[in-house]
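Q:
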Amino acid sequence: MQYRTLGKTGLRVSEVTLGGGGIGMVWGETTEEECLATVKAAVAAGINTIDVAPVYGKGTAEEIVGRVLPELDERPLIATKVFLQPRERTDLAGAIRRSVEASLSRLGCERIDIFQLHNQIEPEEPSAPLRLSLDEIRRPNGVLDTLQQLKDEGVVGAIGFTGIARHDVIQDLLSEARLETVQLVTNILNSEGEMGAAGDGAYRDHLKMVWVAQANGLGVFGIRPFAAGSLTDAIDRSLPDDHPVAVDFALAHSELGFLTDRDSLAVAAMRYALSLPGVSTVVTGAKNRAELAEAIAATQAGPLSTEVMERIAELQQTVLKRPA
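The sequence shown begins at 3 in this note's numbering and counts up one residue at a time.
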């Protein structure tokens, strides 16, 4: 396992992070025993960063990690998030603090190393109930002030946000000096899948956001490297044909066959994300040890060649280019 610096945090993170979607039992069928074993296998393989969230299985991912931590010789870096509900928008500071306390309890920790906002953000009053406005982020005693206060108190370490949907807002926040990390989409399809639909119909160049983040010193968590299963051999859950992930799956399997001469599509997808300049660590939402092994195999295979990366870039500007 190789390690990289997480931007201006100075933290050294494994180039692969174990995400919480799989062990939170969000991404297809698994078992509690397999999730516990997957966390242990990740740490044994040299993964030193685990990224969970309260919404992954309604706390399940955090609880799974919390059960494993006492058994480990060395504690990995723990990243988690806060996802604010509509009813909590009248008391942002209180809601964030309650979320932190609940996460600490489930994890069995006294401190969270990396704490990030999970909600999508819009420039003005949100068009969907689970999103926040930029004003709510920046207003006095709003999200950013509260994150900074928690950091100053030593409750959390680095602070950051999730960069999904509106790129004008993401780019604005990437210049915010107090923010240290960001989660950005890094997959071959350049797709947010079902998490997109910002409503403005704009094409989204996620790589540009990675470059902007790097220029501003933020550590980048590359998320959705497998595009929610679109960049794998088979989707592990039932979806209608017109679901964004099913559409992405069909597109990937019609255009990306050249990537599977040596690797599985999943390994190639992970190698792609690991090859992107500016990405500090790539998050795999593995739900079992077999999926984890594919992510680790990608690190062992190394970056994709310049020729392959250039061919992918050409496809991203032609057949893969469509509204998110």
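Note that beta-carbon positions come from the ideal geometry of N, C-alpha and C, so glycine has one too.
1. Nearest-angstrom Cα distance between residue 32 and residue 65?
2. Between the region 39 to 48 and the region 67 to 83, are three or more C-beta pairs nearer than 8 Å?
3. May I ask you to list the residues that DSSP assigns as paired with residue 223?
4. Does the beta-carbon distance from residue 273 to residue 303 come in below 8 Å?
5. Whole angstroms are fine: how far does the CA of residue 120 sit from the CA of residue 310?
6. Along the chain, where does the beta strand (DSSP E) that runs through residue 83 open and close?
7. List the endpoints of the continuous alpha helix (DSSP H) containing residue 171.
8. How close, in whole Å, do the beta carbons of residue 134 and residue 86 come, if the pair is a contact with beta carbons under 8 Å?
9. How would you call residue 118, buried or exposed, if buried means at least 16 neighbouring beta carbons within 10 angstroms?
10. Can you list, in chain order, the residues of its chain whose CB lies under 7 Å from that of residue 57, leaving out five sequence neighbours each side?
11. By Cβ distance below 6 Å, which residues in the same chain neighbour residue 149 in space, the five residues on each side in sequence not counted?
12. Below 7 Å CB to CB, which residues in the same chain sit around residue 47 once its five sequence neighbours on both sides are set aside?
13. Using only alpha-carbon positions, find the residue among 52, 60, 97 that is nearest to residue 82.
14. Taking DSSP as the reference, what is the three-state secondary structure of residue 193?
15. Check whether the Cβ atoms of residue 188 and residue 79 sit closer than 8 Å, and answer yes or no.
16. Give the range of the beta strand (DSSP E) segment to which residue 236 is assigned.
17. Using the C-alpha atoms, what's the distance from residue 191 back to residue 239?
18. Would you call the region 209 to 229 in contact with the region 9 to 23, where contact means no fewer than 3 C-beta pairs closer than 8 Å?
19. Kindly list the residues whose CB is nearer than 6 Å to the CB of residue 252, restricted to its own chain and excluding five residues on each side of it in sequence; keep chain order.
20. On the premise that residue 237 lies in contact with residue 285, defined as a C-beta separation below 8 Å, what is that separation, rounded to the nearest angstrom?
A: According to the structure data:
1. Taking the sequence shown and counting its residues from 1, one reaches residue 32 at position 30. Taking the sequence shown and counting its residues from 1, one reaches residue 65 at position 63. Taking the straight line joining both Cα atoms gives about 15 Å.
2. yes
3. Here the question's residue 223 lines up with position 221 in the sequence shown. Looking at the DSSP assignment, residue 223 forms a beta bridge with 185, 283.
4. In the sequence shown, the residue the question calls residue 273 occupies position 271. In the sequence shown, the residue the question calls residue 303 occupies position 301. Against a cut-off of 8 Å, the Cβ pair of residue 303 and residue 273 comes out as a contact.
5. Position 308 of the sequence shown, counted from the start, is the residue given in the question as residue 310. Position 118 of the sequence shown, counted from the start, is the residue given in the question as residue 120. Approximately 33 Å, taken between the alpha carbons.
6. The residue given as residue 83 occupies position 81 in the sequence shown. 79 to 84 is the extent of the beta strand (DSSP E) around residue 83.
7. Taking the sequence shown and counting its residues from 1, the one referred to as residue 171 is at position 169. First-last of the alpha helix (DSSP H) with residue 171: 169 to 176.
8. Stepping through the sequence shown from its first residue, residue 134 is reached at position 132. Stepping through the sequence shown from its first residue, residue 86 is reached at position 84. Confirmed, about 6 Å.
9. Working through the sequence shown from its first residue, we reach residue 118 at position 116. Buried: at least 16 other Cβ atoms inside 10 Å.
10. As a working mapping, residue 57 is identified with position 55 in the sequence shown. Within the same chain, residue 57 has close Cβ partners 85, 120.
11. Here the question's residue 149 lines up with position 147 in the sequence shown. 161, listed in sequence order.
12. In the sequence shown, residue 47 corresponds to position 45, counting from 1. The residues are 3, 298.
13. Walking along the sequence shown from the start, residue 82 turns up at place 80. When each option's Cα is compared against that of residue 82, the closest is 52.
14. Here residue 193 refers to the residue found at position 191 when the sequence shown is read from its first residue. In this structure, residue 193 counts as coil in the three-state DSSP scheme.
15. Translated into positions along the sequence shown, residue 188 becomes position 186. Translated into positions along the sequence shown, residue 79 becomes position 77. Their beta carbons are not under 8 Å apart, which means residue 188 does not touch residue 79 by this criterion.
16. On the sequence shown, position 234 is the one that residue 236 refers to. Looking at the DSSP string, residue 236 is not in any beta strand (DSSP E), and its letter there is neither H nor E.
17. As a working note, residue 239 is residue 237 in the sequence shown. As a working note, residue 191 is residue 189 in the sequence shown. Straight-line Cα distance between these residues: approximately 20 Å.
18. yes
19. Within the sequence shown, the letter at position 250 stands for residue 252. No residues qualify anywhere along the chain.
20. To locate residue 285, count along the sequence shown from 1; it is residue 283. To locate residue 237, count along the sequence shown from 1; it is residue 235. At roughly 19 Å, the Cβ-Cβ gap does not stay under 8 Å, so residue 285 and residue 237 are not in contact.
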